[in-house]
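*Asks:*
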Amino acid sequence: MSTELIKQNPFQSMIDRFNIAADILRLDESIRQKLQRPEKQIVVNFSITLDNGSEKNFEGYRVIHNTALGPSKGGIRYDTAVNLDEVKALAAWMTWKSAVTGIPFGGAKGGIICDPRTLSKSELEKITRAYTKALSDVFGPDKDVPAPDMGTGPDEMGWLMDEFSIVHGKTIHAVVTGKHLHSGGSLGRVEATGRGVSIITLLALEKLKLRPARSSVAIQGFGNVGLHSALFLFEKGLKVVAVSDVSEAFYNPEGLNIPELILYYNLNNKSIKGYPNSVAIKHEDLLLLDVDVLIPAAKEDVITQKNAHDIRAKIIVEGANGPVSSDADKILHDNNVLVVPDILANAGGVTVSYFEWLQNSLLESWRIHQINTRLEDILEKGFETVFRIASKHNVTPRIAAYIIALKKVADTQSVKEVALDTPKFKQN
Ligand code: NAD
């Protein structure tokens, strides 16, 4: 891969923004310490028999950042670059994301160091089942509820649900979200994050008085988030001029035909490599295109102080978690780039995950119209609140989102601690 990604520490980026918001809120030191650190971090090691008969060991993580607002919720990532600092940052972002959008969940994240592209389906199933078994005391519908993230999808979530149910001796659908429909999944979950990114993009364009039909967009990453963002924005009339995945990046100033590209991708083993009707560009150049909207939807820290000066997009909508590192924040702000932060922009996924969890818990099945309308309401309200707080405190939307989230979690955490400190009434 030709991309030169400058690796920052995503956990440090989270802490930098946290501290700015905590100073504005004048949070005291003890609550800061509590909210910066995860409640639990678990490392698991397990081995499976590969298809060729050899044994291979894997390391996995589950970090529970905070449960003040509800059971912890967060995806599981399969990637060779997974590490504890990354999982810690992702877990904290889940706490802030649920708090910003008003979803009654805490934050968690998990990951396994592996390359899902080189593993067979049966190997992935064994890995998922072994990881679930190792964490069967941690997961639970009212404790910690996993979901898909980079490298995982409905198959893995179905295996996780099944293994957890075997360990506990009964079928427990609500232990995980992002499942196939036949395993208790929700309509609209697969495309929810991309749908949310497109809703937020339209709101951001409106803020800058830009017309969708005259706006261009470049999207980094063509997986779950990137593909669906591209499709919904194409349907809303935006010109999607560039996309990339790990194999290739390309550009067409006239706009790409996204439904045709998706067809190509599905027939081409889920890769955009070799798509005609476009010009190949360097991965890093996609981020620097002169477009109205840039949607990084691949991974963390792709925009840093090294390339932030060269960003020409008017708006960045963070489809990925943590694509902009904290050392780039000031540069982008000084250059008038409107950045809609991940903890708002990609919250469509956790929102519909919450709907799935509710449907499983209530033994209900909602219609797609109901799901999409509620999703839109929640994201519009989140967007409005973030921009209102940003203008009240004269801060960026990112810091405003952290202010909202920290205040909500800190207030709830403090109430819980007072309750814990209160001596119990003694009964005779
Ligand atoms: P995915 O595995 O489905 O897709 C990732 C895509 O990024 C793939 O197309 C891959 O080829 C591409 N990619 C990887 N490295 C790249 C690089 N250096 N340059 C260009 N493309 C590259 O993952 P996803 O679920 O779409 O997740 C993407 C991001 O969105 C992650 O940060 C994830 O945490 C975040 N996110 C996902 C969800 C969700 O519901 N899936 C929800 C919220 C946030």
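Note that this note's numbering has the sequence shown beginning at 789, numbered continuously upward. The C-beta atom is built at its ideal place from N, Cα and C for all residues, glycine as well.
Go ahead and pull the three-state DSSP assignment for ILE1177.
*Replies:* In the structure shown, ILE1177 sits in a helix (DSSP, three-state: H, G or I).
*Asks:* Examine the ligand NAD and report whether any of its heavy atoms sits within less than 7 Å of the Cβ of THR981.
*Replies:* At least one heavy atom of the ligand NAD is nearer than 7 Å to the Cβ of THR981, so yes.
*Asks:* Can you list the beta strand (DSSP E) stretches of 3 or more residues lying completely in the stretch 822-903, in chain order?
*Replies:* Listed in chain order, the complete beta strand (DSSP E) runs (minimum 3 residues) inside the stretch 822-903 are 828-837, 843-854, 860-867 and 894-901.
*Asks:* State the DSSP-derived secondary structure class of PRO1111, mapped to helix, strand or coil.
*Replies:* coil
*Asks:* What did DSSP end up calling ASN1216 once you bin it into helix, strand or coil?
*Replies:* Its pLDDT being 42, under 50, ASN1216 is placed unreliably in this model, and the coordinates cannot settle the point.
*Asks:* Residue ranges of each alpha helix (DSSP H) run of no fewer than 4 residues wholly in the stretch 957-1025, ordered along the chain?
*Replies:* 980-995 and 1012-1023
*Asks:* Which residues in the same chain have their Cβ closer than 8 Å to the Cβ of ALA1001, if we skip the five residues on either side of it in sequence?
*Replies:* Within the same chain, Cβ atoms closer than 8 Å to the Cβ of ALA1001 are found at GLY1025 and LEU1026, the five residues on either side in sequence being excluded.
*Asks:* Can MET945 be considered in contact with the ligand NAD, in the sense that its beta carbon sits closer than 7 Å to one or more heavy atoms?
*Replies:* Incorrect: MET945 has no Cβ contact closer than 7 Å to the ligand NAD.
*Asks:* Give me, in chain order, the residues of the same chain whose beta-carbon lies closer than 8 Å to that of PHE1213; leave out the 5 immediate sequence neighbours on both sides.
*Replies:* Reliability fails at PHE1213, whose pLDDT of 47 lies under 50, so the model's placement of it is uncertain and the value that follows must be treated cautiously. Once the five neighbours on either side are set aside, PHE1213 has no close Cβ partner at all.
*Asks:* Among GLY895, GLY899 and ARG983, which has the Cα closest to the Cα of ALA869?
*Replies:* GLY899
*Asks:* At the level of alpha carbons, what is the spacing between TYR1052 and SER1004?
*Replies:* 22 Å
*Asks:* Can you give me the C-alpha to C-alpha distance between ASN807 and SER1179, rounded to a whole angstrom?
*Replies:* A straight line joining the alpha-carbon of ASN807 with that of SER1179 spans about 19 Å.
*Asks:* Just to confirm, are LEU1132 and ILE988 a CB contact at a threshold of 8 Å?
*Replies:* With contacts defined as CB atoms closer than 8 Å, LEU1132 and ILE988 qualify as a contacting pair.
*Asks:* Whole-angstrom Cβ separation of VAL933 and LYS861, contact assumed at under 8 Å?
*Replies:* 5 Å
*Asks:* What's the gap between the Cα of THR959 and the Cα of ASN840?
*Replies:* 32 Å
*Asks:* With DSSP as the reference, label LEU793 as helix, strand or coil.
*Replies:* Unreliable placement is indicated for LEU793, whose pLDDT of 42 sits below 50; the coordinate value is still reported in the next sentence. Three-state DSSP puts LEU793 in coil, outside helix and strand.
*Asks:* With 16 other CB atoms within 10 Å as the buried threshold, where does ILE1156 fall?
*Replies:* exposed
*Asks:* Please classify SER974 as buried or exposed, where buried requires at least 16 neighbouring CB atoms within 10 angstroms.
*Replies:* Burial call: buried.
*Asks:* May I have the straight-line CA-CA distance separating THR791 from VAL1090, to the nearest angstrom?
*Replies:* Because THR791 sits at a pLDDT of 40, beneath the cut-off of 50, its placement in the model cannot be relied upon, and the following sentence gives the value as read from the coordinates. So the alpha carbons of these two residues sit roughly 9 Å apart.
*Asks:* Under the criterion of a Cβ to heavy atom distance below 7 Å, does ASN1109 qualify as lining the ligand NAD?
*Replies:* yes
*Asks:* Sorry if obvious, but does the Cβ on ASP937 come closer than 7 Å to a heavy atom of the ligand NAD?
*Replies:* yes
*Asks:* In this structure, how does DSSP classify LYS1027 when only helix, strand and coil are distinguished?
*Replies:* strand
*Asks:* Roughly how many angstroms lie between the CA atoms of GLU1088 and LEU1167, to the nearest whole one?
*Replies:* 22 Å
*Asks:* With 16 as the cutoff for other CB atoms within 10 Å, does ARG805 come out buried or exposed?
*Replies:* buried
*Asks:* Please go through the stretch 1041-1116 and give each complete beta strand (DSSP E) segment of 3 or more residues, from N-terminal end onward.
*Replies:* 1067-1069, 1081-1084 and 1103-1105
*Asks:* Can you tell me whether GLY941 is helix, strand or coil according to DSSP?
*Replies:* coil
*Asks:* The ligand NAD and GLY1009: does the residue's C-beta get closer than 7 Å to at least one heavy atom of that ligand?
*Replies:* Checking every heavy atom of the ligand NAD against the Cβ of GLY1009, one is found closer than 7 Å.
*Asks:* What does the alpha-carbon distance come out to for the pair VAL1067 and TRP1154?
*Replies:* 43 Å
*Asks:* Let me know if THR906 comes out buried or exposed under the rule of 16 or more other beta-carbons within 10 Å of its beta-carbon.
*Replies:* exposed
*Asks:* Can you check DSSP and say which residues form a bridge with GLY928?
*Replies:* ASP932
*Asks:* From HIS956, ILE901 and THR940, pick the residue whose C-alpha is nearest to that of ASP925; which is it?
*Replies:* HIS956
*Asks:* Taking the DSSP output, what are the residues bridged to ALA1037?
*Replies:* SER1032 and ILE1069
*Asks:* If you count every other CB in all the chains shown that lies within 10 Å of the CB of GLY895, and 16 or more means buried, which is it?
*Replies:* buried
*Asks:* Can you tell me the Cα-Cα spacing of LYS1196 and ASN1040, whole angstroms?
*Replies:* One C-alpha to the other measures close to 44 Å.
*Asks:* Here's the rule I'm using: 16 or more other beta-carbon atoms within 10 Å means buried, otherwise exposed. How should VAL1174 be labelled?
*Replies:* buried
*Asks:* What is the DSSP secondary structure of LEU907, counted as helix, strand or coil?
*Replies:* coil
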